[in-house]
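*Asks:*
In this note's numbering, the protein residues as written are 184 to 464.
(1) Taking the alpha carbon of residue 354 as the point to measure from, which residue in 337, 329 and 391 has its own alpha carbon closest?
(2) Just to confirm the assignment, what range does the alpha helix (DSSP H) spanning residue 448 have?
(3) Please classify residue 361: is it buried, with 16 or more other beta-carbons within 10 angstroms of its beta-carbon, or exposed?
(4) Shortest alpha-carbon distance to residue 214 belongs to which of 202, 235, 239 and 261?
(5) Please report how far the alpha carbon of residue 281 lies from the alpha carbon of residue 427, in whole angstroms.
(6) In chain order, what residues of the same chain have a beta carbon less than 7 Å from the beta carbon of residue 317, not counting five sequence neighbours either side?
(7) Taking just the CA atoms, how far does residue 375 sit from residue 185?
(8) Only counting runs of 4 or more residues, tell me where the alpha helix (DSSP H) segments fall wholly within the segment 307 to 362, in order along the chain.
(9) Is DSSP giving residue 227 helix, strand or coil here?
(10) Across the segment 406 to 421 and the segment 443 to 462, are there enough close Cβ pairs to call them in contact, namely three or more that are closer than 8 Å?
(11) Can at least three beta-carbon pairs, one atom from the segment 215 to 223 and one from the segment 406 to 413, be found at a separation below 8 Å?
(12) How close, in whole Å, do the beta carbons of residue 339 and residue 391 come, if the pair is a contact with beta carbons under 8 Å?
(13) Give me the Cα-Cα distance between residue 433 and residue 387, rounded to the nearest whole angstrom.
(14) Residue ranges of each alpha helix (DSSP H) run of no fewer than 4 residues wholly in the segment 198 to 225, ordered along the chain?
(15) Are the beta-carbon atoms of residue 393 and residue 438 separated by less than 7 Å?
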């Protein structure tokens, strides 16, 4: 709902916007549904139309606003969703930056941290603390002289917070690339990029070790100027889907990590994904 409100306020009526708002698929159309007995199903259709238009299927349309088990039946659902829409209706998210901070993006990351805590999942799966992220960016040399055409990559990007903070260390940002194995978390990352004004960031979902998505036309791994990562430490199933002895990308030519500890596997992948002048942390 937050995402729909933001992109509608920011991009509705803008023919050159990075997000296309189809006719009948804006937050205003949700507002018009308040009190409608079919509000849940119609909200789903609005979000689906926006997702279809912007290659966001499986990203923003994963929540079901017509779920009677979670939202109630009949009037209960109608009232609950009408109130939810009303909570966002009075907000103007056209511009959300103040004093160099992305207020909406920060609010979104706060919600993700809360979700991680409430769901019982490891917070590290979703985000890296901003202080740690900035230190990593400085360690690899991202600074005020880093140009916008430089690339930054995270092979286990979670919600994308580490990528965003690293990119922010450059005055005009960087070209962002990431991959995340968990479907729901990769969807969070895509939305996080858009909410932080990085709609062109490229996030793939999939297992980075078994099925790396960032490859060149010749089949070799794509290489980047910078790489940052907070990988799943001591991963005990990193060999799932991959035979390290026959790795087509040559990542394990320097040695094969222990089967029940994948730290070195991610390190080797990062090294292979860097340009000859690249730096990673």
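All C-beta atoms, glycine included, are put in the ideal place defined by N, C-alpha and C. Note that the structure is predicted; figures quoted are calculated from it, not measured.
*Replies:* In brief:
(1) Position 171 of the chain shown, counting from 1, holds the residue named residue 354. Selected option, being the one with the closest Cα: 329.
(2) Position 265 of the chain shown, counting from 1, holds the residue named residue 448. Residue 448 -> alpha helix (DSSP H) spans 446 to 455.
(3) Counted from its first residue, the chain shown places residue 361 at position 178. When all chains shown are included, residue 361 counts as buried.
(4) Stepping through the chain shown from its first residue, residue 214 is reached at position 31. Out of 202, 235, 239 and 261, 261 has the C-alpha closest to the C-alpha of residue 214.
(5) Counted from its first residue, the chain shown places residue 281 at position 98. Counted from its first residue, the chain shown places residue 427 at position 244. Its pLDDT being 39, under 50, residue 281 is placed unreliably by the model, and the measurement read from it follows with that caveat. The alpha-carbon atoms of residue 281 and residue 427 are separated by roughly 48 Å.
(6) One-based indexing of the chain shown puts residue 317 at position 134. Same-chain partners within the cutoff: 348 and 352.
(7) Residue numbering aside, residue 185 sits at position 2 when the chain shown is read from its first letter. Residue numbering aside, residue 375 sits at position 192 when the chain shown is read from its first letter. Roughly 11 Å between the two C-alpha positions.
(8) 313 to 322 and 344 to 351
(9) For the purposes of this step, residue 227 is taken as residue 44 along the chain shown, with counting starting at 1. If DSSP states are grouped into helix, strand and coil, residue 227 belongs with the helices.
(10) yes
(11) no
(12) Counting from 1 along the chain shown, the entry for residue 339 is found at position 156. Counting from 1 along the chain shown, the entry for residue 391 is found at position 208. The Cβ separation is near 6 Å, so the contact holds.
(13) One-based indexing of the chain shown puts residue 433 at position 250. One-based indexing of the chain shown puts residue 387 at position 204. Approximately 21 Å, taken between the alpha carbons.
(14) 210 to 214
(15) For the purposes of this step, residue 393 is taken as residue 210 along the chain shown, with counting starting at 1. For the purposes of this step, residue 438 is taken as residue 255 along the chain shown, with counting starting at 1. No, the pair does not count as a contact, with Cβ atoms beyond the cut-off.
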